[in-house]
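Visitor:
Residue numbers (our numbering): 1 to 341.
#1: So for residue 255, helix, strand or coil by DSSP?
#2: For residue 80, does the three-state DSSP call read helix, strand or coil?
#3: Using only the alpha-carbon positions, how far apart do residue 186 and residue 102 sit?
#4: Quick one: give me the first and last residue of the beta strand (DSSP E) that residue 122 is part of.
#5: Three or more C-beta pairs closer than 8 Å, one from the segment 122-135 and one from the segment 159-178: is that the case here?
#6: Report the three-state DSSP secondary structure of residue 91 (helix, strand or coil).
#7: What is the DSSP secondary structure of residue 241, counted as helix, strand or coil?
#8: Buried or exposed, going by whether 16 or more other CB atoms sit within 10 Å of the CB of residue 97?
#9: Between the Cα of residue 191 and those of 221, 234, 328, spot the shortest distance and give me the residue it belongs to.
#10: Buried or exposed: residue 120, going by 16 or more other Cβ atoms within 10 Å of its Cβ?
#11: For residue 233, which of helix, strand or coil comes out of DSSP?
#12: What number of angstroms, rounded off, separates the C-alpha of residue 153 from the C-alpha of residue 108?
#13: The alpha helix (DSSP H) spanning residue 310 covers which residue range?
#14: One question on the structure: do residue 215 and residue 325 come within less than 8 Å of each other, judged by their Cβ atoms?
#15: Less than 8 Å between the CB atoms is what I'm expecting for residue 260 and residue 242, so what's the real figure, rounded?
#16: Using 10 angstroms around the beta-carbon of residue 275, count the other beta-carbons present and answer buried if the total reaches 16, otherwise exposed.
#17: How would you write the range of the alpha helix (DSSP H) that residue 338 sits in, first residue to last?
#18: Return helix, strand or coil for residue 280, following the three-state DSSP convention.
#19: Would the beta-carbon of residue 293 fall within 8 Å of that of residue 305?
#20: Which two residues bound the contiguous beta strand (DSSP E) that contains residue 102?
#21: Run through DSSP, which three-state label would residue 177 get?
#22: Using the C-alpha atoms, what's the distance from residue 267 back to residue 203?
#23: Assuming residue 150 contacts residue 177 under a Cβ cut-off of 8 Å, what Cβ separation, rounded to an integer in Å, is found between them?
#24: Provide the residue(s) that pair with residue 262 in DSSP beta bridges, ordered along the chain.
#25: Could you please give me the residues that DSSP links to residue 145 through a beta bridge?
#26: Quick check: what's the CA-CA separation for residue 308 versus residue 199?
#27: Among all the DSSP beta bridges, which residues are the ones paired with residue 250?
#28: Which of helix, strand or coil does DSSP assign to residue 128?
#29: If residue 316 and residue 333 are in contact, beta carbons under 8 Å, what's the gap, nearest whole angstrom?
#30: Could you tell me whether the Cβ atoms of residue 88 and residue 112 are closer together than 8 Å?
#31: Should residue 81 be labelled buried (16 or more other beta-carbon atoms within 10 Å of its own) or exposed?
#32: Using the Cα positions of residue 173 and residue 94, report the straight-line distance between them to the nearest angstrom.
#33: Cβ atoms of residue 208 and residue 182: under 8 Å apart, would you say?
#34: Starting from residue 223, trace the alpha helix (DSSP H) in both directions and tell me its first and last residue.
#35: What three-state label does DSSP hand residue 108 in the structure shown?
#36: Could you check the C-alpha separation between residue 300 and residue 218 for me, to the nearest Å?
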């Protein structure tokens, strides 16, 4: 365990080792043990907006409502306040910013964002966590939480309404930002939803599973890791792998490490020049549906094999090209040639 965890006054080593390591979800009996341990403490652990969130304050927040992490929701809570500080720093959160946070949990990252001067809109699926952060930040005029499933909510409508209202009173207000410690099981869906919103967000900073982060940001051509989402990411943003976050920093401890990734979103005027983004991504997805096939075979439903070969030649690509061999620029050239025919 890291220093944040081992420095706590409570003897967590007396609790179930499998629970601490994240091998099993904690039971209500263990939550009772935590409650009793906290009741024996002479020094009260504050969960106010000004206090940093660490191991014991996070567990106290959960236990205050008799809650334990739900595996079905992919809940892994951050125990290290320094990581939250680094997340906010990666997004360059400052006074006057508007930040969207997905899955605030107990509000540990929210706390950092608000203390950095940002106004925060949080989207939380778990009603118990909604109640917790609502109570925690009840005195703040810089926080609002919506109980919704992010991948199903109308986030563009929410954000446009909020930003239009802000611009009435702050004409020079900048684009919003996204800073979030995401449940790993929705990370790909969230990336697909957020990155095409360069007219709303300037930066998207996410805490993702480390292996997924590497696949999204640093895929190599001609490998099985190279997929349509890599084309999408580079079409809409400039991605950057920031740093790895060891699994010991989470409760319950996941089986994998995490990583912080920054996506600097492109404004729509800076997207690659294609005649139709819908048709472009349809071509890309079709190409990868037959990943081991040559494009002259996998794109036959778009044009005949000889026509695809001709288009590849005009685009300066070998007629034997396969999808994993093409960069974003290559796909753009190929699409535009086919679209012009």
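Every residue, glycine too, gets a C-beta built ideally from N, C-alpha and C. None of the values given here were measured: they were computed from a predicted structure.
Guide: Straight from the coordinates:
#1: The residue labelled residue 255 in the question sits at position 255 within the chain shown. DSSP places residue 255 in coil when its eight states are reduced to three.
#2: Looking up residue 80 in the chain shown gives position 80. In this structure, residue 80 counts as coil in the three-state DSSP scheme.
#3: The residue given as residue 186 occupies position 186 in the chain shown. The residue given as residue 102 occupies position 102 in the chain shown. Cα to Cα, the separation comes out at about 10 Å.
#4: For the purposes of this step, residue 122 is taken as residue 122 along the chain shown, with counting starting at 1. Per DSSP, residue 122 belongs to the beta strand (DSSP E) from 119-124.
#5: The answer is no - the segment 159-178 does not touch the segment 122-135, with fewer than three Cβ pairs under 8 Å.
#6: Position 91 of the chain shown, counting from 1, holds the residue named residue 91. Coil, per DSSP.
#7: To locate residue 241, count along the chain shown from 1; it is residue 241. Of the three classes helix, strand and coil, the one that applies to residue 241 here is strand, per DSSP.
#8: Position 97 of the chain shown, counted from the start, is the residue given in the question as residue 97. Under this definition residue 97 is a buried residue.
#9: In the chain shown, residue 191 corresponds to position 191, counting from 1. Ranked by Cα distance from residue 191, the options 221, 234, 328 are led by 234.
#10: Within the chain shown, the letter at position 120 stands for residue 120. Looking at its Cβ environment, which holds 16 or more other Cβ atoms inside 10 Å, residue 120 is buried.
#11: Your numbering for residue 233 matches position 233 in the chain shown. DSSP places residue 233 within a helical segment (H, G or I) once states are collapsed to three.
#12: Within the chain shown, numbered from 1, the residue matching residue 153 stands at position 153. Within the chain shown, numbered from 1, the residue matching residue 108 stands at position 108. Near 23 Å, if we compare the C-alpha coordinates of residue 108 and residue 153.
#13: Position 310 of the chain shown holds residue 310. Residues 305-314.
#14: Taking the chain shown and counting its residues from 1, one reaches residue 215 at position 215. Taking the chain shown and counting its residues from 1, one reaches residue 325 at position 325. No, Cβ-Cβ distance for residue 215 and residue 325 is not below 8 Å.
#15: As a position in the chain shown, residue 260 is number 260, starting the count at 1. As a position in the chain shown, residue 242 is number 242, starting the count at 1. The Cβ separation is near 4 Å, so the contact holds.
#16: On the chain shown, residue 275 is found 275 positions in, with the first residue counted as 1. Residue 275 is exposed by the Cβ-count criterion.
#17: In the chain shown, counting from the first residue as 1, residue 338 sits at position 338. For residue 338, the uninterrupted alpha helix (DSSP H) segment begins and ends at 328-340.
#18: Within the chain shown, numbered from 1, the residue matching residue 280 stands at position 280. For residue 280, the secondary structure class from DSSP, reduced to helix, strand or coil, is helix.
#19: Walking along the chain shown from the start, residue 293 turns up at place 293. Walking along the chain shown from the start, residue 305 turns up at place 305. Annotated as distal: residue 293 and residue 305, with beta-carbon spacing of 8 Å or more.
#20: Residue numbering aside, residue 102 sits at position 102 when the chain shown is read from its first letter. Secondary structure note for residue 102: its beta strand (DSSP E) is the uninterrupted segment 98-102.
#21: Taking the chain shown and counting its residues from 1, one reaches residue 177 at position 177. Strand, per DSSP.
#22: What you label residue 203 is simply residue 203 of the chain shown in a count that begins at 1. What you label residue 267 is simply residue 267 of the chain shown in a count that begins at 1. Computed Cα separation, rounded: 11 Å.
#23: The residue given as residue 150 occupies position 150 in the chain shown. The residue given as residue 177 occupies position 177 in the chain shown. Their Cβ separation, rounded to whole angstroms, is 16 Å, which puts residue 150 and residue 177 out of contact at 8 Å.
#24: Taking the chain shown and counting its residues from 1, the one referred to as residue 262 is at position 262. Under DSSP, residue 262 forms a beta bridge with 205, 240.
#25: Locating residue 145 in the chain shown gives position 145, where the first residue counts as 1. Bridge partners of residue 145: 122.
#26: Counting from 1 along the chain shown, the entry for residue 308 is found at position 308. Counting from 1 along the chain shown, the entry for residue 199 is found at position 199. Between residue 308 and residue 199, the C-alpha separation is close to 34 Å.
#27: Position 250 of the chain shown holds residue 250. Answer is 78.
#28: Numbered from 1 along the chain shown, position 128 holds the residue referred to as residue 128. Look at residue 128 here: in three-state DSSP terms it is helix.
#29: For the purposes of this step, residue 316 is taken as the residue at position 316 of the chain shown. For the purposes of this step, residue 333 is taken as the residue at position 333 of the chain shown. Sure, about 7 Å apart at Cβ, within 8 Å.
#30: Here residue 88 corresponds to residue number 88 of the chain shown, with the count starting at 1. Here residue 112 corresponds to residue number 112 of the chain shown, with the count starting at 1. For residue 88 and residue 112, yes; Cβs fall inside 8 Å.
#31: Taking the first residue of the chain shown as 1, we reach residue 81 at position 81. So residue 81 ends up on the buried side.
#32: Looking up residue 173 in the chain shown gives position 173. Looking up residue 94 in the chain shown gives position 94. Whole-angstrom Cα-Cα distance: 12 Å.
#33: The count along the chain shown starts at 1 and reaches residue 182 at position 182. The count along the chain shown starts at 1 and reaches residue 208 at position 208. The criterion of a C-beta distance shorter than 8 Å is satisfied by residue 182 and residue 208.
#34: By one-based count along the chain shown, residue 223 stands at place 223. Going by DSSP, residue 223 is part of no alpha helix (DSSP H) at all; its letter is neither H nor E.
#35: Here residue 108 corresponds to residue number 108 of the chain shown, with the count starting at 1. If DSSP states are grouped into helix, strand and coil, residue 108 belongs with the helices.
#36: Working through the chain shown from its first residue, we reach residue 300 at position 300. Working through the chain shown from its first residue, we reach residue 218 at position 218. Spanning the two alpha carbons is a distance of roughly 30 Å.
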